[in-house]
Amino acid sequence: MSAASVRLWDPLLRLCHLSFATVFFANYFFTEAGERWHRWLGYYVLGCLVLRLVWGFIGPRSARWTDFWPTPARLAAHARALVRGQPHHRLGHSPIGALVMLLMLGCIGGLGLSGFLMREVDALWGEDWPQTLHAWLADGLLVLVGVHLLAAVVESLRLRENLPLSMLTGRRRLPEDS
Ligand code: HEM
Ligand code: HEM
0 MSAASVRLWD
10 PLLRLCHLSF
20 ATVFFANYFF
30 TEAGERWHRW
40 LGYYVLGCLV
50 LRLVWGFIGP
60 RSARWTDFWP
70 TPARLAAHAR
80 ALVRGQPHHR
90 LGHSPIGALV
100 MLLMLGCIGG
110 LGLSGFLMRE
120 VDALWGEDWP
130 QTLHAWLADG
140 LLVLVGVHLL
150 AAVVESLRLR
160 ENLPLSMLTG
170 RRRLPEDS
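Heads up: the sequence shown at position 94 corresponds to 93 in numbering that gives the first Met the number 0, and the numbers run straight through without jumps.
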């Protein structure tokens, strides 16, 4: 018998996520640094970021900042559950997951901005810092994505639910006690 499930992640949120994931891997590993594809994909994902930021105010509940904003109290409760080895099953982002999400979105914004500064702002030509910042943000994002993927696998095993699949289909299983 399959457990009851609900539609949790809306199509716009899922499209933004697919775009973040695809463009990150494309720009980090495949496109030529700074070339046309790299720049256009970078600006496209910057557009997705702006859309996602606005969606956090006007979108459905699971997309809203207020639903999962990682306040110190929420982070502490999540950390305590982790230390006790209790699974944290909630229909929405977990507090620590949300913190990593915010850091990843911050890196994407910084990559777009530093890329723009180094390419398009004449006054900064010959300056090294936008390039150094861009490279640091890209590597920082790689580390965060590593943590994100590891957490997705570990939490999927602990909850016995395929979380990556839920980001594609939008559906999540209902917690047993609800
Ligand atoms: C998700 C977005 C992006 C990622 C993951 C990314 C990643 C990277 C990486 C890994 C490098 C090589 C850095 C190095 O080691 O020197 C690079 C270089 C570069 N990126 Fe991006 N980038 C993104 C967005 C952008 C955007 C929006 C622009 C806009 C113009 C841009 C312009 C450049 C340029 C010009 C370089 C070459 C810098 C150099 O001459 O060393 N990037 N990027
Ligand atoms: C193929 C690799 C990836 C998989 C399997 C994956 C999986 C997931 C899953 C399962 C969630 C939902 C977490 C939850 O239940 O609370 C999520 C959310 C998220 N992931 Fe990923 N992810 C991947 C790559 C990435 C990359 C590369 C980025 C950023 C560069 C990223 C950024 C995000 C963001 C921002 C969210 C929050 C979604 C939102 O509310 O808009 N993910 N991811």
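We put the beta carbon where it would ideally sit given N, CA and C, even for glycine.
Asked	Found
So, is Trp36 buried or exposed, given that buried needs 16 or more other C-beta atoms within 10 angstroms?	exposed
By DSSP's criteria, Leu6 is part of a beta bridge. Which residues make up the other side?	The residue asked about is misnamed: residue 6 is Arg in this sequence, not Leu. DSSP, once it has assigned bridges, lists Arg170 as partnering Arg6.
Pick helix, strand or coil for His92, following the three-state DSSP scheme.	coil
Determine the contact status of Phe25 and Leu14, defining contact as a CB-CB distance below 8 Å.	With the sequence shown as reference, residue 25 is identified as Ala, and Phe is not the correct amino acid for it. Not closer than 8 Å, so no.
Quick one: what's got a C-beta closer than 7 Å to Ala162's C-beta in the same chain, skipping five residues either side?	Checking the sequence, you will find Leu at residue 162 rather than Ala. Hits under 7 Å: Ala151, Glu154, Ser155.
Tell me whether Val49 counts as near ligand 1, meaning its Cβ is closer than 7 Å to at least one heavy atom of that ligand.	no
Ordered along the chain, which non-local residues of its own chain (more than five positions away) have a Cβ less than 6 Å from that of Ser165?	Arg171
Assuming Gln130 is part of the alpha helix (DSSP H), what are its boundary residues?	128 to 158
Count Cβ pairs between the stretch 54 to 73 and the stretch 6 to 22 that sit closer than 8 Å; are there 3 or more?	yes
Using the beta-carbon count (16 or more within 10 Å), is Val22 buried or exposed?	buried
Let me make sure I understand the geometry here. Which of Ser113, Leu90, Pro94, Ala80 has the alpha-carbon closest to that of Leu74?	Pro94
How do the stretch 67 to 81 and the stretch 139 to 149 stand: do at least 3 beta-carbon pairs fall below 8 Å, yes or no?	no
Does DSSP put Glu32 in a helix, in a strand, or in coil?	The question names Glu, but residue 32 is Ala in the sequence shown. Coil, per DSSP.
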